[in-house]
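Enquirer:
2 protein chains.
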Amino acid sequence: MKLITRNTDYAVRALCCIAEQKQEVISADQLVKSLKMPRPFLRKILQTLNKEGLLNSSMGKGGGFALAVSPEKITLTDVMEIFQGPTRLNECKFRKSDCPYINDCFLKKKIDEIEKEVIVKLKAITIASIIKKEVNVDDKEVRGL
Amino acid sequence: MKLITRNTDYAVRALCCIAEQKQEVISADQLVKSLKMPRPFLRKILQTLNKEGLLNSSMGKGGGFALAVSPEKITLTDVMEIFQGPTRLNECKFRKSDCPYINDCFLKKKIDEIEKEVIVKLKAITIASIIKKEVNVDDKEVRGL
DNA sequence: ACAAAATGATACAATTGTAGTATCATAATA
DNA sequence: TATTATGATACTACAATTGTATCATTTTGT
Numbered sequence: 028m029k030l031i032t033r034n035t036d037y038a039v040r041a042l043c044c045i046a047e048q049k050q051e052v053i054s055a056d057q058l059v060k061s062l063k064m065p066r067p068f069l070r071k072i073l074q075t076l077n078k079e080g081l082l083n084s085s086m087g088k089g090g091g092f093a094l095a096v097s098p099e100k101i102t103l104t105d106v107m108e109i110f111q112g113p114t115r116l117n118e119c120k121f122r123k124s125d126c127p128y129i130n131d132c133f134l135k136k137k138i139d140e141i142e143k144e145v146i147v148k149l150k151a152i153t154i155a156s157i158i159k160k161e162v163n164v165d166d167k168e169v170r171g172l
Numbered sequence: 028m029k030l031i032t033r034n035t036d037y038a039v040r041a042l043c044c045i046a047e048q049k050q051e052v053i054s055a056d057q058l059v060k061s062l063k064m065p066r067p068f069l070r071k072i073l074q075t076l077n078k079e080g081l082l083n084s085s086m087g088k089g090g091g092f093a094l095a096v097s098p099e100k101i102t103l104t105d106v107m108e109i110f111q112g113p114t115r116l117n118e119c120k121f122r123k124s125d126c127p128y129i130n131d132c133f134l135k136k137k138i139d140e141i142e143k144e145v146i147v148k149l150k151a152i153t154i155a156s157i158i159k160k161e162v163n164v165d166d167k168e169v170r171g172l
């Protein structure tokens, strides 16, 4: 079971990389070098992030990508929802007519509770929080286990 | 994203059904009638639960399945691990050599924390707790929304 | 104008996991 | 020994994930 797919994982790393960038824009090729992921796949991901409004892009020579939203405002769930759809831990498999507990399924209730808490925690993770922590660690040259 | 697959879902319902049973054993055919799921699929699931030690089976005429473990001791994670492997919300996709934050990845840390809490909550859900709640609701004839 | 460097759009392919089927062997009972 | 049950195992179908490949379009510099 995966909470986060490769799409999302790549996208988050790309967003972090773009957010940390000093230049105005960064091209897909530059990102490929930093992130070591397949170029066509990353390009598709960047195009999606652009369409979804998280990135701005500029075409042509010297073009590339920049954040369209401040890193504090991009949460992990935002990215997950783009690439994985709504965050649902729980999708009941039973047709309504078949389930004797349709109106009061304990299992569903419990999973729904867990889901709510997970989403709250995922929303607390932002691009800003990720790069902040990592840069700090870098600065102090204290690398955890 | 799914926390629980159909395999697991069917298995949990089958275990509940078996646990609620008055008879000593219940056959796959009887379970199919109660649970309205594909017979060959349920049979495979029951065989797996048997191999994994959650059920006892008896072959031949009058045979069937019974719980091998008390319903209080069967947790949702037990069943999930049988059908879905270890409960991992987080599988880092990056090769170690490629990841600049391999030793201190904030994203991984955060997801690991969430994962731990989810597992604690999943372990708290047992077959006993599921049937207890549902039977209670039934008894009172109070059906929630 | 034109070549180069970038993204945009889109269709296709490979791999994997989930879900489900089919068949035959084996054991227990009446 | 026929019937009723599970055991073992191989196969198929489908969907999601994980990519690849191609060509069009836009911008910039000469």
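Protein sequence lines correspond, in order, to chains A and B. Using our numbering, the letters of the first sequence map in sequence onto residues 28 to 172. Using our numbering, the letters of the second sequence map in sequence onto residues 28 to 172. For glycine and all other residues, C-beta sits at the position ideal for the given N, C-alpha and C.
For residue 92 of chain B, which beta-bridge partners are listed by DSSP?
Expert: Answer is B:53, B:84.
Enquirer: Return the first residue and the last residue of the alpha helix (DSSP H) that residue 138 of chain B is part of.
Expert: Taken as a continuous stretch (DSSP letters only), the alpha helix (DSSP H) holding residue 138 of chain B covers 133-150.
Enquirer: Counting only C-beta atoms, is residue 39 of chain A closer than 8 Å to chain B at any point?
Expert: Yes, residue 39 of chain A lies at the interface with chain B (some Cβ there is under 8 Å from its Cβ).
Enquirer: For residue 58 of chain A, which residues in the same chain have their Cβ closer than 7 Å to its Cβ, ignoring the five residues on either side in sequence?
Expert: Around residue 58 of chain A: 41, 44, 69.
Enquirer: Tell me where the alpha helix (DSSP H) around residue 73 of chain B begins and ends.
Expert: Residues 66-78.
Enquirer: Just to confirm, are residue 39 of chain A and residue 96 of chain A a CB contact at a threshold of 8 Å?
Expert: Contact: no.
Enquirer: Should residue 104 of chain A and residue 114 of chain A be called a contact, given that it needs their Cβ atoms to be closer than 8 Å?
Expert: Taking 8 Å as the Cβ cut-off, residue 104 of chain A and residue 114 of chain A qualify as a contacting pair.
Enquirer: Let's test the definition: count the other Cβ atoms within 10 Å of the Cβ of residue 145 of chain A and tell me whether it reaches 16, buried, or not, exposed.
Expert: Buried, since its Cβ has 16 or more Cβ neighbours within 10 Å.
Enquirer: Just the Cα atoms here: how many angstroms apart are residue 49 of chain B and residue 80 of chain B?
Expert: Each residue's Cα considered, the two are about 21 Å apart.
Enquirer: Bridge partners for residue 114 of chain B per DSSP, in chain order?
Expert: Answer is none; residue 114 of chain B lacks a bridge partner.
Enquirer: In or out: residue 139 of chain B buried (at least 16 other Cβ within 10 Å) or exposed?
Expert: Burial call: exposed.
Enquirer: Please confirm whether residue 69 of chain B has its beta-carbon closer than 8 Å to some beta-carbon of chain A.
Expert: Answer no: the Cβ-Cβ gap between residue 69 of chain B and chain A never drops below 8 Å.
Enquirer: Output yes if chain B places a C-beta closer than 8 Å to the C-beta of residue 116 of chain A; else output no.
Expert: Closer than 8 Å: yes.
Enquirer: Return the chain-ordered list of same chain residues with a C-beta closer than 7 Å to the C-beta of residue 47 of chain A, the five sequence neighbours on each side being excluded.
Expert: Result list for residue 47 of chain A: 158, in chain order.
Enquirer: Measure from the alpha carbon of residue 29 of chain B to the alpha carbon of each residue in A:111, A:132, A:136, then state which is nearest.
Expert: Per the Cα distances, A:111.
Enquirer: Let me know the secondary structure DSSP gives residue 32 of chain B once reduced to three states.
Expert: Coil at residue 32 of chain B, not helix or strand.
Enquirer: Against chain B, does residue 28 of chain A count as a neighbour if the rule is that its beta carbon must be under 8 Å from one of theirs?
Expert: Yes - at least one Cβ of chain B is within 8 Å of the one on residue 28 of chain A.
Enquirer: Does the Cβ of residue 56 of chain B have 16 or more other Cβ atoms within 10 Å, making it buried, or fewer, making it exposed?
Expert: It counts as exposed.
Enquirer: How about residue 111 of chain A: is its C-beta nearer than 8 Å to some C-beta of chain B?
Expert: Interface residue, yes.
Enquirer: Quick one: Cα of residue 155 of chain B to Cα of residue 37 of chain B, how far?
Expert: So the alpha carbons of these two residues sit roughly 16 Å apart.
Enquirer: Sort A:53, A:135, A:33, A:35 by Cα distance to residue 87 of chain A and report the nearest one.
Expert: Comparing Cα-Cα distances from residue 87 of chain A to each of A:53, A:135, A:33, A:35, the minimum goes to A:53.
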